[in-house]
Amino acid sequence: MNKTHSLYRSLLREFGPQEWWPADSQYEVIVGALLTQNTNWKNVEKAIANLKKAKKLAPTKILKLETSELEQLIKPSGFYRQKAERLKTLTKKYVEIKKRNSLPNRGELLEVKGVGKETADSILLYAFDLPYFVIDAYTRRFCAHHKLLNAKEYDDYREFFESSLPRSVPLYKEYHALIVEWGKRAI
DNA sequence: GGCCAGGACACCA
DNA sequence: TGGTGTCATGGC
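Residues 1340 to 1526, numbered by the working numbering, are exactly what the first sequence covers, in order.
Dropping the structure here:
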C-alpha cells in the first residue's frame, strides 16, 4: 500500500465514515453539486429544503418553474441568479441522459455552462457511481501538506489519485469526503 | 463585523 | 497559461 492509500486509512480511523453524499435521490445529488459551488453546505441545505417544501425537487418541476421563482427558492445558496439558469440547463441535460438510458460521459457534462471539472466529477461519482476522483481546494492543500504531489492542473491531481488507489467507487467517495472533513478542521 | 464557503467563467495581456 | 474581477447568501 502506498502513502496515498495509507493516508486514507488514517483519516477513516480518525474521523469515521462520512456518509456522503447526503441526498434522497440521484437528482438531489446533482442539484446539490451545482448549488454547493463556492458555497457553505449549510446554505445549500436551506435551498434544497425550500425546493422540497415547495415540492419542486424533480427535473420536470424545475423545468416548468419560472426562473424568477426558482431564484427565490435557491436564494440561500448564493449566486442565485446564475445558479437558477444553470440548474435549468443542467436539468435538461439530465433529462436527456435518463431518456436515452445510458450513462453520462464527462465531456457532455463539461459542455454544460456552469459545470466545471469538480462539479462534473462530483456528479459522475456521487450520482452515477462512476470512478472519477473529485478534486477540490481542500484536496490540493491536503496534497501539499502531506507532500503527495505539487501540481497545478485539476486533471493532474485527479489522475494522481486514480492511479494511486484501487479503482473503487466507495473508496473514492469516502476519501474525498474525508479530505473535506480534514480541511474543515484546519491544518 | 469581516471573512469565506464542498467553483466557474469572462476577459485581459 | 496566468492573473484578476464577478457572482451573493448566511454561518461563525
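Think of the CB as a built atom: it goes at the ideal place given N, C-alpha and C, for glycine as much as any other residue.
In this text, all values refer to a predicted model and were calculated from it rather than measured experimentally.
> Could you give the distance in angstroms between the alpha-carbon of L1373 and the alpha-carbon of K1392?
Replying inline: Residue 1373 sits at position 34 when you count from the first residue of the first sequence. Residue 1392 sits at position 53 when you count from the first residue of the first sequence. Spanning the two alpha carbons is a distance of roughly 19 Å.
>> Pop quiz: Q1421 and G1453 are said to be a contact at Cβ under 8 Å. What is the actual Cβ separation, rounded to whole angstroms?
In response: Within the first sequence, the letter at position 82 stands for residue 1421. Within the first sequence, the letter at position 114 stands for residue 1453. That belief holds up - the Cβ atoms of Q1421 and G1453 are roughly 7 Å apart, short of 8 Å.
> How big is the Cα-Cα spacing for S1345 and K1486?
Replying inline: For the purposes of this step, residue 1345 is identified with residue 6 of the first sequence, where counting begins at 1. For the purposes of this step, residue 1486 is identified with residue 147 of the first sequence, where counting begins at 1. One C-alpha to the other measures close to 14 Å.
> From which residue to which residue does the alpha helix (DSSP H) around S1461 run?
Replying inline: Numbered from its first residue, the first sequence carries residue 1461 at position 122. K1456 to S1461 is the extent of the alpha helix (DSSP H) around S1461.
> Nearest-angstrom Cα distance between S1502 and E1405?
Replying inline: For the purposes of this step, residue 1502 is taken as the residue at position 163 of the first sequence. For the purposes of this step, residue 1405 is taken as the residue at position 66 of the first sequence. Approximately 44 Å between the Cα atoms of the pair.
> Buried or exposed: where does R1352 fall if 16 or more other Cβ atoms within 10 Å of its Cβ makes it buried?
Replying inline: The count along the first sequence starts at 1 and reaches residue 1352 at position 13. Answer is exposed; the Cβ neighbour count stays below 16.
> Hey, out of V1383, P1398, E1367 and W1359, whose CA is closest to K1281's CA?
Replying inline: Because the chain in this structure spans residues 1340 to 1526, residue 1281 falls outside the shown range and cannot be described.
>> Measuring straight from C-alpha to C-alpha, what distance separates P1470 and H1515?
In response: Translated into positions along the first sequence, residue 1470 becomes position 131. Translated into positions along the first sequence, residue 1515 becomes position 176. Rounded to whole angstroms, P1470 to H1515 spans 12 Å at the Cα level.
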